[in-house]
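One structure is given here, and the rest of the page talks about it.
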Amino acid sequence: MENKLTEQEIVRREKAQELANKGLDPYGSRFDRTHNTNTFKAEYSSFTKEELHEMENPPVVKLAGRIMTKRVKGKAGFAHIQDQYGRIQIYVKSDLVGEESYELFDKADLGDIIGVEGHPMITNTGELSIKVIKYTHLVKALHPLPDKFHGLVDVEERYRRRYVDLIMNEDSKNTLILRSKIISSMRRYLDNLGYLEVETPILHPILGGANARPFITHHNTLDMPFYLRIAPELYLKRLIVGGLDCVYEIGRLFRNEGMDPTHNPEFTTIELYLAYSDLEGMMDLCEDLICSIATENLGTTVIPFGEKTINLTKGWRRAHMVDLIKEETGINFFEVPDYETAKKLALEHGIKVEAHDYGFGHIVNLFFEHYCEEKIIQPTFVYGHPIEVSPLTKKDPKDPRFTQRFELFIDSREYANAYTELNDPIDQKERFENQLKEKELGNDEATEMDIDFVESLEYGMPPTGGIGIGIDRLVMLLTNSQSIRDVLLFPHMKNRGK
RNA sequence: GACCCGCUAGCUCAGUCGGUAGAGCAUUUGACUUUUAAUCAAAGGGUCAGGCGUUCAAGUCGCCUGCGGGUCACCA
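Okay, structure coming up:
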């Protein structure tokens with residue numbers, strides 16, 4: 010399998026062997042650090058060169074990291090070592106570490122991992138550094154690092170070898186660290202409000218909670234097929250029936266569909282349910298949650314995104330889908346009387362109507378997608394989705410053709426989807442039946458009947474608001490990333506041919 | 001799935017009209033005890049993604065395949 014080794018790789022293997030011959034483990038052992046680059050800089054950056062130089066008992070620090078640059082000048086040299094937090098320069102002098110250790114430093118390659126013990130110092134050029142008194146070679150890197158100046162640029166390699174990307178590209182590292190911090194902020198926000206984080210099954214016997222093509226797998230002992238979940242919704246609502254009044258789940262969903270800069274086959278969402286709330290409650294929560302996360306992690310709610318500036322400051326527009334269509338086309342669907350009239354309008358506007366688009370609401374939805382989505386840049390809650398495309402949502406009591414649902418759009422993309430939850434078991438059963446009808450008409454993403462879920466509603470589910478937020482897209486927005494792959498540690502790639 | 005673009009040394013990139021493959025970093029050897037893209041001198045390193053074709057001659061032109069990126073379609 011392994012290709013022929015390059016000259017550099019052979020040399021490094023020989024160097025590893027030389028270390029072993031000296032009794033040094035080329036893949037060394039525990040090294041107790043007193044500082045990392047961050048705590049070291051925090052502790053010593055306020056000192057002057059003279060203060061550090063003239064200390065009678067200079068402090069002794071121990072740090073470890075990967076050699077990223079190296080400048081040897083005869084019997085002394087400099088290097089930068091890098092840990093999770095950044096880089097620090099080390100100054101290694103033969104007089105101080107001894108000739109044997111100095112030779113180890115001299116032979117060390119970029120990419121090797123070392124530990125140093127020494128004193129804080131400031132160089133003639135003013136850089137806070139470590140004057141090494143004890144040098145420990147920890148790990149030999151057999152493979153050379155990319156160009157120290159240009160880093161790893163090739164997109165394919167950055168995704169396939171994310172570890173190299175993390176070593177070489179600070180932007181990638183910062184983005185992926187920020188992802189963790191954003192999710193952590195989200196948990197903290199909800200935990201402070203008393204929400205309970207729960208875990209529901211990922212293997213689902215019945216497809217439900219969203220419209221999407223699933224991954225299908227098989228359990229041997231039960232000898233039955235399972236779907237990887239496309240949404241956790243129906244399980245979380247069972248918990249609301251069960252009396253857990255405010256729950257959320259952060260986790261992976263799986264949809265067997267196309268991949269592009271905003272879609273990955275597995276992606277992360279948060280779904281959240283709050284008993285005795287409703288759609289407006291979810292709008293308020295969503296706005297406050299995202300603003301809090303932005304403020305906590307970026308210090309602002311006005312953020313750059315590609316060529317645009319997105320203003321997340323609270324007070325987002327709330328608009329009915331029908332009103333937005335009217336703004337763009339002049340058509341007022343509140344006054345369109347029936348399906349036939351709506352369909353005629355669609356055909357006049359060159360909108361393709363499929364066999365399973367059999368209802369008035371399907372047409373309304375097609376108009377929205379065709380004319381409105383791309384126009385929405387700043388955060389907008391679009392509410393009032395048609396009943397046909399919202400099988401789990403409570404009807405609008407004033408106009409039962411529409412539901413109490415919203416989607417949050419920013420820069421033409423959907424970020425969140427929320428409902429006043431449908432808690433009428435008889436209505437819910439009919440909605441499922443309509444989904445089955447769509448399936449027969451060729452909508453292979455229609456949901457399946459979940460009779461156990463209907464029965465749970467028969468026990469009584471409190472009036473409830475629920476919301477799902479796409480975390481990958483939110484992280485993209487807050488890190489100004491243009492591809493979902495930039496916010497995934499290990500994006501999926503096709504196997505390389507031989 | 002369709003179309004467009006890309007693939008040259010470990011990495012980043014040049015490569016003109018089709019005429020024996022280039023640089024910087026990295027590597028090796030030598031010099032250098034405060035450098036920082038260290039510097040100076042010398043050297044080694046290539047299945048030009050893979051294949052087929054056109055041609056006296058292909059990194060370069062054509063076709064096929066692979067992988068990647070983008071756009072569209074799909075994904076409410």
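Using my numbering, read the first sequence as starting at 10 and increasing by one per residue. C-beta atoms are modelled at their ideal positions from N, C-alpha and C, and glycine is treated no differently. For clarity, every value in this text was computed on a predicted model and none was experimentally measured.
In terms of alpha-carbon separation, which member of the options lies closest to residue i?
i: tyrosine 172; options: Gly120, His159 and Thr350; result: Gly120
i: glutamate 363; options: Arg264, Lys448, Arg414 and Ala240; result: Lys448
i: glycine 370; options: Asn489, Leu487, Arg327 and Ser399; result: Ser399
i: phenylalanine 87; options: Asn66, Gln387, Tyr111 and Leu498; result: Tyr111
i: leucine 151; options: Val106, Arg238, Glu18 and Arg247; result: Glu18
i: histidine 394; options: Gln413, Asp408 and Leu401; result: Gln413
i: glycine 475; options: Tyr285, Glu52 and Tyr367; result: Tyr285
i: leucine 33; options: Asp92, His146, Leu61 and Val141; result: His146
i: lysine 84; options: Lys116, Met268, Val69 and Lys71; result: Lys116
i: isoleucine 142; options: Glu126, Leu237 and Pro155; result: Glu126
i: isoleucine 215; options: Gln387, Glu454, Asp163 and Ser103; result: Glu454
i: glutamate 52; options: Pro129, Arg326, Met291 and Gly290; result: Pro129
i: leucine 307; options: Leu321, Arg21, Met291 and Pro210; result: Leu321
i: proline 500; options: Arg261, Arg197, Val70 and Asn273; result: Asn273
i: aspartate 104; options: Asp297, Asp347 and Lys140; result: Lys140
i: arginine 75; options: Cys300, Gly95 and Phe235; result: Gly95
i: leucine 445; options: Ile312, Glu397 and Thr389; result: Glu397
i: glutamate 467; options: Glu206, Phe276 and Gly251; result: Gly251
i: glutamate 265; options: Ala221, Leu298, Ile279 and Phe377; result: In the sequence on display, residue 265 carries asparagine and not glutamate. Ranking Ala221, Leu298, Ile279 and Phe377 by Cα distance to asparagine 265 puts Ala221 first.
i: arginine 410; options: Tyr392, His365, Ala427 and Asn426; result: Tyr392
i: arginine 247; options: Val463, Asp495, Leu28 and Arg21; result: Val463
i: leucine 231; options: Asp269, Leu212 and Pro153; result: Leu212
Helix, strand or coil for residue i, going by three-state DSSP, please let me know.
i: valine 162; result: coil
i: arginine 326; result: strand
i: arginine 320; result: For the record, residue 320 in the displayed sequence is asparagine; it is not arginine. Strand at asparagine 320.
i: aspartate 34; result: coil
i: alanine 29; result: helix
i: glutamate 206; result: strand
i: glycine 370; result: helix
i: arginine 21; result: helix
i: valine 345; result: coil
i: alanine 284; result: strand
i: threonine 226; result: strand
i: glutamate 65; result: coil
i: methionine 10; result: Here methionine 10 scores only 30 on pLDDT, less than 50, and its place in the model is too uncertain to base an answer on.
i: threonine 132; result: coil
i: aspartate 200; result: helix
i: proline 500; result: coil
i: methionine 233; result: strand
i: histidine 272; result: strand
i: glutamate 16; result: helix
i: alanine 303; result: helix
i: arginine 505; result: coil
For a quick check, are the C-beta atoms of residue i and residue j less than 8 Å apart?
i: phenylalanine 415; j: leucine 288; result: yes
i: asparagine 432; j: proline 472; result: yes
i: serine 138; j: isoleucine 90; result: no
i: lysine 149; j: alanine 73; result: no
i: aspartate 174; j: leucine 161; result: yes
i: isoleucine 386; j: aspartate 420; result: yes
i: tyrosine 282; j: isoleucine 249; result: yes
i: tyrosine 380; j: threonine 338; result: yes
i: methionine 195; j: isoleucine 302; result: yes
i: phenylalanine 342; j: isoleucine 334; result: yes
i: asparagine 489; j: phenylalanine 224; result: no
i: isoleucine 340; j: alanine 355; result: no
i: phenylalanine 377; j: arginine 326; result: no
With respect to the beta strand (DSSP E) encompassing residue i, which residues constitute its N-terminal and C-terminal limits?
i: serine 138; result: 137 to 148
i: valine 391; result: 389 to 392
i: isoleucine 312; result: 311 to 314
Would you give the residue range spanned by the alpha helix (DSSP H) that residue i belongs to?
i: phenylalanine 114; result: 108 to 116
i: methionine 177; result: 171 to 177
i: glutamate 52; result: 46 to 53
i: valine 362; result: No alpha helix (DSSP H) contains valine 362, which DSSP labels as neither H nor E.
i: isoleucine 493; result: No alpha helix (DSSP H) contains isoleucine 493, which DSSP labels as neither H nor E.
i: arginine 482; result: 480 to 488
Handout entry: Inside the region 397 to 476 only - beta strand (DSSP E) runs reaching at least 3 residues
Key = 414 to 419 and 422 to 429
Problem - 3-residue-minimum beta strand (DSSP E) runs that sit fully inside the region 236 to 264, ordered along the chain - result: 255 to 263
Handout entry: Secondary structure, beta strand (DSSP E): runs of 3+ residues fully inside the region 73 to 98
Key = 85 to 92
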